[in-house]
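S.K.: Take this structure, written in structure tokens, and hold onto it; I'll ask about it next.
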Amino acid sequence: MPYGLSRRPKNSEEEDEDAPEFDEEEDWIKPHPGFGAKNVNSLHFSGIQVPTKQEVFWKRMQEYLSTMKKPQSSKDEEFRRIKRRSSNFFLEDGQLKRRNNPNPQLVISSQEDQSYILKSLHEDMGHRGGKETYRRIKARFWWEGRKKSVKKWVKSCLACQKRSQNLQREQGKSTATSTIFERVSIDAVYIKSGRWKYMVVARDDFSGWPEAVGLVKLTAKAVA
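Per my numbering, the very first residue in the sequence shown carries number 2; after that it's consecutive.
Here it is as structure tokens:
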């Protein structure tokens, strides 16, 4: 089947595959050496009992492409949408696929199957972060809202949250004073040569006024 139609202008209803991928997601998730690489070349999907609207739509799309006739259960408005989008999809070995260069993408309409893919290509392959997870999924699979699904999955991943460098920090508390000499900071500095061996510096936190004194021995009694 020719792939020339893949170069047609994008439909407004379709996901923009050329848009910047996860600009807000940097490679802050580093692979853990204990994680192995799982082969997911052969995925076994188990559909859910109650189909969603998306599943019904793509099932009817598949039916239309196999018969080139309007599905009996499809309403006119939905059928017009199916025909309008059908040029971007085709059937191969009974599977619905989306035209894409260089390789077509398998259409995944079941939320259960989407979760299985997200788990396999993110959790079971090293927690590589949003950008890498999306790149792996994009190479082989397609569903509406795919990019948002990946972002949500990665942000809710407990292992990624634990290793994130963007951990929330406790807000600092103010230590300001309201009058002079309410709080005085004291520090001692060792002097290498000269009459005094130590310099003790006291500074008022409110006014910033400093005073210093030299000491031969640094003891609590001498500082007091």
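Cβ coordinates follow ideal geometry from the N, Cα and C atoms, glycine included.
Of the residues Phe-58, Met-62, Gly-130, Gly-209, which one's Cα is nearest the Cα of Gln-162?
M.R.: It is Gly-130.
S.K.: If we ignore side chains and look at the alpha-carbon of each, how far apart do Trp-210 and Val-185 end up?
M.R.: Each residue's Cα considered, the two are about 10 Å apart.
S.K.: Roughly how many whole angstroms lie between the Cα atoms of Trp-143 and Lys-120?
M.R.: C-alpha separation (whole angstroms): 15 Å.
S.K.: Is it buried or exposed for Phe-90, if we count other Cβ within 10 angstroms and need 16 for buried?
M.R.: By the 10 Å Cβ count, Phe-90 comes out buried.
S.K.: So, at 6 Å on beta carbons, what are the nonlocal neighbours of Ser-75 in its own chain, with the 5 sequence-adjacent residues on each side left out?
M.R.: So the qualifying residues of the chain are Arg-61.
S.K.: Mind checking which residues open and close the beta strand (DSSP E) that includes Asp-188?
M.R.: Per DSSP, Asp-188 belongs to the beta strand (DSSP E) from 185–191.
S.K.: Is it a yes or a no for the stretch 191–203 touching the stretch 214–222, going by three-plus beta-carbon pairs under 8 Å?
M.R.: Result yes; three or more Cβ-Cβ pairs closer than 8 Å.
S.K.: Which residue's Cα is closest to the Cα of Arg-100: Ile-118, Arg-81, Ala-140, Gln-115?
M.R.: That would be Ala-140, whose Cα lies nearest to the Cα of Arg-100.
S.K.: Do Pro-72 and Glu-78 have their CB atoms nearer than 7 Å?
M.R.: Not in contact: Pro-72 and Glu-78 (Cβ atoms no closer than 7 Å).
S.K.: If distances are taken between C-alpha atoms only, which option among Tyr-191, Leu-97, Ala-189 comes closest to Ser-111?
M.R.: Among Tyr-191, Leu-97, Ala-189, the Cα nearest to that of Ser-111 is on Leu-97.
S.K.: For the alpha helix (DSSP H) that contains Leu-119, what are its first and last residues?
M.R.: Element bounds for Leu-119: 112–122.
S.K.: Spell out the partners DSSP gives Gly-52 in its beta bridges.
M.R.: Before going further, note that residue 52 is Pro rather than Gly in the sequence given. The partner list for Pro-52 (beta bridge, DSSP) is empty, contrary to what the question assumes.
S.K.: Phe-58 to Lys-84, Cα distance in whole Å?
M.R.: One C-alpha to the other measures close to 12 Å.
S.K.: Give the range of the alpha helix (DSSP H) segment to which Lys-152 is assigned.
M.R.: Where Lys-152 is concerned, the enclosing alpha helix (DSSP H) stretches over 147–156.
S.K.: In this structure, how does DSSP classify Val-215 when only helix, strand and coil are distinguished?
M.R.: This sequence places Gly at residue 215; Val is not what is there. Note: Gly-215 maps to strand in three-state DSSP.
S.K.: Does the beta-carbon distance from Ile-187 to Phe-207 come in below 7 Å?
M.R.: In this structure, Phe-207 does not lie closer than 7 Å to Ile-187 by Cβ.
S.K.: Is the beta carbon of Leu-122 less than 7 Å from the beta carbon of Leu-92?
M.R.: Not closer than 7 Å, so no.
S.K.: Within the continuous alpha helix (DSSP H) that includes Lys-139, where are the two ends?
M.R.: Lys-139 -> alpha helix (DSSP H) spans 131–139.
S.K.: I need the straight-line Cα distance from Lys-54 to Gln-115, nearest angstrom please.
M.R.: The straight-line gap from Cα to Cα measures roughly 15 Å.
S.K.: For Met-69, which of helix, strand or coil comes out of DSSP?
M.R.: Three-state result, Met-69: coil.
S.K.: Cα-Cα, which of Val-214, Gly-127, Ser-179 is closest to Ile-192?
M.R.: Residue Val-214 is the option with its Cα nearest to Ile-192.
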